Amino acid sequence: MERYSRQRHLINQKKLGEGRVMVVGVGGLGSASVTLLAMAGVGELLIVDYDVVETSNLNRQILYREKDVGKMKVEVAKKRIEEINPHVKVNAINKKISKGFKIPHGVDIVVDGLDNFEARFIVEKASIESKIPYVFGAVEGYMGMVTFIDKNTKRLRDLFKNLPQGDEQVLASTVMLTASIQSMEVIKFLSDRGDLLRNRLIIYDGLSTNYMEVRL
Amino acid sequence: MAQVKFFATLRDITGKREMEIKNVKNVAELLQHLYEMFGDEFRKEIEERNMILVNGKNILDLDGYETKIKEKDEISIFPPAGGG
Chain A
240 MERYSRQRHL
250 INQKKLGEGR
260 VMVVGVGGLG
270 SASVTLLAMA
280 GVGELLIVDY
290 DVVETSNLNR
300 QILYREKDVG
310 KMKVEVAKKR
320 IEEINPHVKV
330 NAINKKISKG
340 FKIPHGVDIV
350 VDGLDNFEAR
360 FIVEKASIES
370 KIPYVFGAVE
380 GYMGMVTFID
390 KNTKRLRDLF
400 KNLPQGDEQV
410 LASTVMLTAS
420 IQSMEVIKFL
430 SDRGDLLRNR
440 LIIYDGLSTN
450 YMEVRL
Chain B
396 MAQVKFFATL
406 RDITGKREME
416 IKNVKNVAEL
426 LQHLYEMFGD
436 EFRKEIEERN
446 MILVNGKNIL
456 DLDGYETKIK
466 EKDEISIFPP
476 AGGG
């Protein structure tokens with residue numbers, strides 16, 4: 240397909256096109272991840288969120304416009320993703336992450352677009368139980384963090400002693416960069432390329448323009 | 396002499412990107428020293444949430460606050476990110 244001609248030597252497009260990716264939370268990170276994954280040509284995106292678009296989202300959540308304020312995020316996101324790439328199937332799930340959350344059958348990988356650790360622990364547990372990987376990502380201020388979690392890697396509770404309270408200050412630049420790393424992990428996983436961030440935590444600090452890799 | 400690196404908000408609070416430190420045996424002593432240098436704002440930030448690495452390893456995987464600090468060790472301190 241002409242649409243993918245400039246990436247045909249980079250990835251296995253057929254495998255990517257068969258991939259079913261669940262993105263939990265379509266706020267800052269989730270908006271950016273679904274955009275990148277839709278452009279890359281994943282087969283299906285399952286997007287989960289319960290929130291409506293607010294004006295304060297617009298500094299960093301790239302799927303939304305002023306006219307969307309007050310609308311359900313998953314509905315606006317589905318429409319935008321289909322505009323970006325009509326070949327991607329989008330399944331919008333209007334739901335808050337809560338205890339007992341299950342990953343639908345057939346999902347290959349889950350991407351973190353959440354803004355709190357309570358929900359992250361639930362999704363991480365559900366992913367591990369379903370034997371599928373979970374790409375953790377978080378942002379705050381000028382910082383972003385990403386790691387790839389599966390049944391053989393360390394989990395979030397192994398990494399964080401004091402659970403961070405989300406600071407609401409964040410820039411789109413940090414969000415986009417962090418989501419870019421997350422979506423790259425998904426693309427590599429689905430197309431069987433490269434080394435994944437298993438047992439490695441990448442920390443980006445925009446203030447000092449530094450990346451750190453922490454071996455876990 | 397060990398090297399301490401500060402990231403994100405801790406850079407703002409300390410006004411430093413990195414500093415050298417000597418005569419501290421472990422991470423707990425290091426933090427105490429830093430609390431005295433940088434005051435309550437720094438202490439509050441660390442006590443609320445922190446991630447501390449010694450030579451790239453999380454102290455949770457070492458001996459926690461008892462993790463020993465030796466000459467030429469590199470200690471990185473930052474608040475973990477939680478937003479999305």
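Going line by line, the protein sequences match chains A and B. Take any residue in the first sequence, note its place counting from 1, add 239, and you have its number in our numbering. Take any residue in the second sequence, note its place counting from 1, add 395, and you have its number in our numbering. Note that the Cβ used here is the ideal one computed from N, Cα and C, for glycine as well. Everything numeric in this text was worked out from a predicted model, so none of it was measured.
Problem - chain B within 8 Å of residue 415/A, Cβ atoms only - result: no
Handout entry: Beta-carbon separation (whole angstroms), residue 284/A vs residue 273/A, contact threshold 8 Å
Key = 6 Å
Problem - Cutoff 6 Å; reference residue 451/A; Cβ partners in own chain excluding five residues on either side - result: 442
Handout entry: Buried versus exposed call for residue 408/A [16 or more other C-beta atoms within 10 Å across all chains shown]
Key = exposed
Problem - Nearest-angstrom Cα separation, counted from residue 277/A out to residue 244/A - result: 15 Å
Practice task
Spell out whether any CB of chain B is found under 8 Å from the CB atom of residue 316/A.
Solution key: no
Handout entry: Closest by C-alpha distance to residue 379/A, when choosing among 370/A, 393/A and 354/A
Key = 354/A
Problem - Simplified DSSP assignment, three categories, for residue 437/A - result: strand
Problem - Rounded C-alpha distance that separates residue 300/A from residue 436/B - result: 31 Å
Problem - Terminal residues of the beta strand (DSSP E) in which residue 383/A lies - result: 382 to 388
Problem - Interface residues of chain B facing residue 379/A [CB-CB closer than 9 Å] - result: 403, 404, 474, 475, 476, 477 and 478
Problem - Assigned exposure category for residue 240/A - 16 Cβ within 10 Å defines buried - result: exposed
Handout entry: Residue from 350/A, 330/A and 336/A whose Cα sits closest to the Cα of residue 423/A
Key = 350/A
Problem - residue 388/A beta carbon less than 8 Å from that of residue 365/A - result: no
Exercise for the section: Put residue 297/A into one of helix, strand or coil per three-state DSSP. Expected result: coil
Practice task
Give every residue of the same chain whose Cβ lies closer than 6 Å to the Cβ of residue 258/A, excluding the five residues on either side of it in the sequence, and list them in chain order.
Solution key: 281, 282, 347 and 429
Practice task
Pull out every residue of the region 351 to 384 of chain A whose Cβ sits closer than 8 Å to any Cβ of chain B, in chain order.
Solution key: 351, 352, 353, 354, 355, 356, 376, 377, 378, 379, 380, 381, 382, 383 and 384
Practice task
May I ask you to verify whether the region 444 to 451 of chain B touches the region 407 to 420 of chain B, counting CB pairs closer than 8 Å and requiring at least 3?
Solution key: no
Exercise for the section: Taking residue 292/A as the query, report the chain B residues whose CB atoms sit under 7 Å from its CB, ordered along the chain. Expected result: Result: empty, since nearest Cβ-Cβ is about 15 Å, beyond 7 Å.
Practice task
Check whether the Cβ atoms of residue 418/A and residue 376/A sit closer than 8 Å, and answer yes or no.
Solution key: yes
Problem - Strand pairing of residue 471/B, partner residues [DSSP] - result: 400/B and 448/B
Handout entry: CA nearest to the CA of residue 454/A, picked from 420/A, 398/A and 426/A
Key = 398/A
Handout entry: Residue-level contact to chain A via CB, residue 467/B, 8 Å cutoff
Key = no
Practice task
Identify the contact partners of residue 412/B in chain A, using a Cβ-Cβ distance below 8 Å as the criterion.
Solution key: 447
Handout entry: Any chain A beta carbon closer than 8 Å to residue 429/B
Key = no
Handout entry: Residues that residue 425/B contacts on chain A, provided the C-beta gap is smaller than 9 Å
Key = Residues of chain A passing the Cβ test: none, with the nearest at roughly 16 Å.
Problem - Closer than 7 Å at the beta carbon, the chain B residues around residue 454/A - result: 451 and 452
Problem - Short CB-CB distance (under 8 Å) between residue 486/B and chain A - result: Since the displayed chain B opens at 396 and closes at 479, residue 486/B lies outside it and no answer follows.
Problem - Three-state secondary structure (DSSP) of residue 289/A - result: coil
Practice task
May I ask you to report which of helix, strand or coil DSSP gives residue 346/A?
Solution key: coil
Exercise for the section: Show which residues of chain A have a CB atom less than 9 Å away from the CB atom of residue 455/B. Expected result: 397, 398, 399 and 400
Problem - Helix, strand or coil at residue 463/B according to DSSP, with G and I counted as helix - result: strand
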